[in-house]
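**Q**
Number of protein chains: 2
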Amino acid sequence: MVLTTTPAAQDYLKAIHAIEWEAPEPGPVSTTAVAERLGVSAASATNMLKKLDSMGLVVQVPYRGAELTDAGRKIALEVVRHHRLLETYLAEALGVPWDEVHAEAEVLEHVLSERLEDRIAALLGNPEWDPHGHPIPGKDGSMPAASRRTLWDGGDGERVAVERVSDDDPEVLRYLAGVGVTPGAEVEVVRRGPVAGPLFVRVADRADDVEALSRELAEAVWVS
Amino acid sequence: MVLTTTPAAQDYLKAIHAIEWEAPEPGPVSTTAVAERLGVSAASATNMLKKLDSMGLVVQVPYRGAELTDAGRKIALEVVRHHRLLETYLAEALGVPWDEVHAEAEVLEHVLSERLEDRIAALLGNPEWDPHGHPIPGKDGSMPAASRRTLWDGGDGERVAVERVSDDDPEVLRYLAGVGVTPGAEVEVVRRGPVAGPLFVRVADRADDVEALSRELAEAVWVS
DNA sequence: GGGAAAACTTAGCTTCGGCTAAATTCAATT
DNA sequence: AATTGAATTTAGCCGAAGCTAAGTTTTCCC
Chain A
1 MVLTTTPAAQ
11 DYLKAIHAIE
21 WEAPEPGPVS
31 TTAVAERLGV
41 SAASATNMLK
51 KLDSMGLVVQ
61 VPYRGAELTD
71 AGRKIALEVV
81 RHHRLLETYL
91 AEALGVPWDE
101 VHAEAEVLEH
111 VLSERLEDRI
121 AALLGNPEWD
131 PHGHPIPGKD
141 GSMPAASRRT
151 LWDGGDGERV
161 AVERVSDDDP
171 EVLRYLAGVG
181 VTPGAEVEVV
191 RRGPVAGPLF
201 VRVADRADDV
211 EALSRELAEA
221 VWVS
Chain B
1 MVLTTTPAAQ
11 DYLKAIHAIE
21 WEAPEPGPVS
31 TTAVAERLGV
41 SAASATNMLK
51 KLDSMGLVVQ
61 VPYRGAELTD
71 AGRKIALEVV
81 RHHRLLETYL
91 AEALGVPWDE
101 VHAEAEVLEH
111 VLSERLEDRI
121 AALLGNPEWD
131 PHGHPIPGKD
141 GSMPAASRRT
151 LWDGGDGERV
161 AVERVSDDDP
171 EVLRYLAGVG
181 VTPGAEVEVV
191 RRGPVAGPLF
201 VRVADRADDV
211 EALSRELAEA
221 VWVS
């Protein structure tokens, strides 16, 4: 399918999709949530949502929020596929550090032709996961399931496997990589700090060290 | 250097550079020439040239045309470098057919980060020529010299080496590749047709065939 | 159930980079 | 030197996508 949408519209669709996907249950996404995610004013979000509605990519009910239509979801997934394939390619083929691939992919995703998409996917062996453990949508729009539990949800003494990590903050990524918290790693929750205090964890590889993770960090790690 | 210019401005700078480069002697480039090259109205070109002048990237004299400043040339060369490195990379690393790399590079060139540029250049061994034989500007703005003689300028019986071919028309490229006229090939001008008629050439590799090239085709091939 | 606060939309403005139509300037020929 | 035709610029418009400020709605709490 050819994307006839502008980069800005694609960003909105992607944002709505991400918010829907992260939400515990289905339902419309608020204008503010979209605006915040994109770093844009609420007024701008309203305008674009109205436009996307008129294009049939979104169903927007004033004051109620918006939901992707099938057509809108299809485009969103295509952009996400571009993004994650690019991240994977940049990391594997070009050796771009894993905390930087996100920013690169963010611009390239809007410009990747179908031919290049296919070529890259084939070269990588049609991967299902990107370097941060996020599922890569298939060409048909299928999307591998992913866990919704974060490290922060873990209880004392629990052992979990890291499935994916949030990729939008390079600093978070660098820190997590530094302490060995990467997709596939085994982590043990040694002890929860008081209320919102740090979480103490031990990474299987480095059984000697106990690392303290802030809530922000622990919530950037999904486990299974 | 970081490009703070918009893609549109970069396209104008690149167009001016290309026209200056192709011109037999130095001097300002006409508004119309720029407009035609970009497929844009003359009024649009006037506006952008005025803006580029106010940014110090171009010196424009009303009704007289425009010339790149050093700053403008630097940006133009950087975009050209992006373009040609990308063409080379797409062809070599991703196996994109040589008649299609131009179109892909045309969008990617505006979005290539410095890091990726360096990475790609290093992976390719800092090439000096792209797949069509065009020189790739260095990071310092240096540019290998290139021939201005086309196959069309050749006389009866002359033997020449193909240095580069025009890359903007996929059909031309496919045809030239089909008859073996690619950078590095040896070609003999068997006979010039009447006035603007076809040029008959023999390609060294395939000494049995004589190919007829229209003027348009013969002028899309530079030789040395 | 009434208000205040929060969420959302509307109105109106800005910048970009196009466009057409109407001047204007330049060049070339008579 | 005047005139005509080509090249160029000016004027004014458009659509994207952003913004702020000023309304509306909705929600939530007492």
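Those protein sequence lines, which keep their order, are chains A and B.
When the count follows the numbering used here, it moves up by one through the first sequence with no breaks and lands on 224 for the last residue.
When the count follows the numbering used here, it moves up by one through the second sequence with no breaks and lands on 224 for the last residue.
Every residue gets a Cβ at the ideal spot worked out from N, C-alpha and C, and that includes glycine.
What residue does the alpha helix (DSSP H) around A71 (chain A) start on, and which one ends it?
**A** 70-94 is the span of the alpha helix (DSSP H), which, as asked, contains A71 (chain A).
**Q** Could you give the distance in angstroms between the alpha-carbon of S147 (chain A) and the alpha-carbon of G133 (chain A)?
**A** Each residue's Cα considered, the two are about 11 angstroms apart.
**Q** Hey, quick one: how far does the beta strand (DSSP E) through R159 (chain A) stretch, first residue to last?
**A** Start and end: 159-165.
**Q** To which residues of the same chain is L108 (chain A) closer than 7 angstroms at the C-beta, ignoring the five residues directly before and after it?
**A** Excluding positions up to five away in sequence, the list reads L86.
**Q** State whether the segment 97-112 of chain A contacts the segment 43-60 of chain A, with contact taken as three or more CB pairs (one from each stretch) at a distance under 8 angstroms.
**A** At 8 angstroms Cβ cutoff, the stretches do not touch.
**Q** Check distances from the C-beta atoms of the segment 173-184 of chain B to those of chain A and list, in chain order, the residues that come in under 8 angstroms.
**A** Hits within the stretch: zero.
**Q** DSSP three-state call for M1 (chain B): helix, strand or coil?
**A** With a pLDDT of only 49 at M1 (chain B), under the threshold of 50, the placement of this residue in the model should not be trusted; the figure read from the coordinates follows. Here M1 (chain B) sits in coil by DSSP.
**Q** Return the residue from the list B:V34, B:S44, B:T32, B:V210 that minimises the CA-CA distance to G180 (chain B).
**A** Here the closest residue by C-alpha is B:V210.
**Q** Going by DSSP in three states, W222 (chain A) sits in which element: helix, strand or coil?
**A** It is a strand residue.
**Q** Could you check what DSSP says for P127 (chain A) in three-state terms: helix, strand or coil?
**A** Coil.
**Q** For G95 (chain B) and chain A, any beta-carbon pair shorter than 8 angstroms?
**A** G95 (chain B) counts as touching chain A.
**Q** When the cut-off is 8 angstroms and only beta carbons count, does L116 (chain B) lie next to chain A?
**A** Answer yes: the Cβ-Cβ gap between L116 (chain B) and chain A drops below 8 angstroms somewhere.
**Q** Indicate whether the contact test is met: 3 or more Cβ pairs, each with one atom in the segment 187-199 of chain B and one in the segment 170-177 of chain B, closer than 8 angstroms.
**A** Contact between the segment 187-199 of chain B and the segment 170-177 of chain B is absent, because fewer than three Cβ pairs lie under 8 angstroms.
**Q** Reducing DSSP to helix, strand and coil, say where A66 (chain B) ends up.
**A** In the structure shown, A66 (chain B) sits in a strand (DSSP, three-state: E or B).
**Q** For V111 (chain A), go through chain B and note every residue whose CB falls closer than 7 angstroms to its CB, in chain order.
**A** Ordered by position in chain B, the residues that pass the 7 angstroms Cβ test against V111 (chain A) are V107, L108, V111.
**Q** Report, in whole angstroms, the separation of the C-beta atoms of A8 (chain B) and M48 (chain B), which I expect to be a contact under 8 angstroms.
**A** With a Cβ gap of about 7 angstroms, A8 (chain B) and M48 (chain B) count as contacting.
**Q** Would you verify that the beta carbon of E104 (chain B) is, or is not, closer than 8 angstroms to some beta carbon of chain A?
**A** Taking Cβ atoms only, chain A reaches closer than 8 angstroms to E104 (chain B), which makes this a yes.
**Q** Would you tell me roughly how many angstroms separate the C-alpha atoms of F200 (chain B) and E67 (chain B), rounded to the nearest one?
**A** Distance between the alpha carbons of F200 (chain B) and E67 (chain B) is about 39 angstroms.
**Q** Could you tell me whether any Cβ in chain B is nearer than 8 angstroms to the Cβ of R119 (chain A)?
**A** True, the Cβ-Cβ gap to chain B drops below 8 angstroms.
**Q** Can the beta-carbon of S41 (chain B) be found closer than 8 angstroms to that of A33 (chain B)?
**A** Against a cut-off of 8 angstroms, the Cβ pair of A33 (chain B) and S41 (chain B) comes out as no contact.
**Q** Rounded to whole angstroms, what is the Cα-Cα separation between P183 (chain A) and V29 (chain B)?
**A** Going from the Cα of P183 (chain A) to the Cα of V29 (chain B) covers about 56 angstroms.
**Q** Closer than 6 angstroms by C-beta to M1 (chain A): which residues in its own chain qualify, once you throw out the five before and the five after it? Chain order, please.
**A** Its pLDDT being 49, under 50, M1 (chain A) is placed unreliably in this model, and the value from its coordinates should be taken loosely. Excluding residues within five positions, none has a Cβ falling inside 6 angstroms.
**Q** So the alpha helix (DSSP H) R230 (chain A) belongs to, where does it begin and stop?
**A** Residue 230 (chain A) lies beyond the stretch modelled for chain A, which goes from 1 to 224, so this question has no answer here.
**Q** Whole angstroms are fine: how far does the CA of A105 (chain B) sit from the CA of A91 (chain B)?
**A** Going by the C-alpha atoms only, they are around 11 angstroms apart.
**Q** Quick check on V160 (chain B): buried or exposed, where buried means 16 or more other Cβ atoms within 10 Å of its Cβ?
**A** Result: buried.
**Q** Hey, does M1 (chain A) have any beta-carbon neighbour from chain B nearer than 8 angstroms?
**A** In this prediction, M1 (chain A) has a pLDDT of 49, which is less than 50 and means its spatial position is unreliable; nothing more can be read from the coordinates.
**Q** Three or more C-beta pairs under 8 angstroms: does that hold for the segment 137-151 of chain B against the segment 77-84 of chain B?
**A** Counting Cβ pairs under 8 angstroms, three or more are found: they touch.
**Q** Let's test the definition: count the other Cβ atoms within 10 Å of the Cβ of A204 (chain B) and tell me whether it reaches 16, buried, or not, exposed.
**A** With fewer than 16 other Cβ atoms within 10 Å, it is exposed.
**Q** Judging by CA-CA distance, which residue of B:W129, B:R73, B:P24 is the nearest neighbour of Y236 (chain B)?
**A** This structure does not reach residue 236 (chain B), given that chain B is present from 1 up to 224, and the question cannot be answered.
**Q** Look at the Cβ atom of G95 (chain B), then the Cβ atom of R119 (chain A), and state whether they are nearer than 8 angstroms.
**A** Contact flag set, yes.
**Q** Please classify T6 (chain B) as buried or exposed, where buried requires at least 16 other C-beta atoms within 10 Å of its C-beta.
**A** Burial call: exposed.
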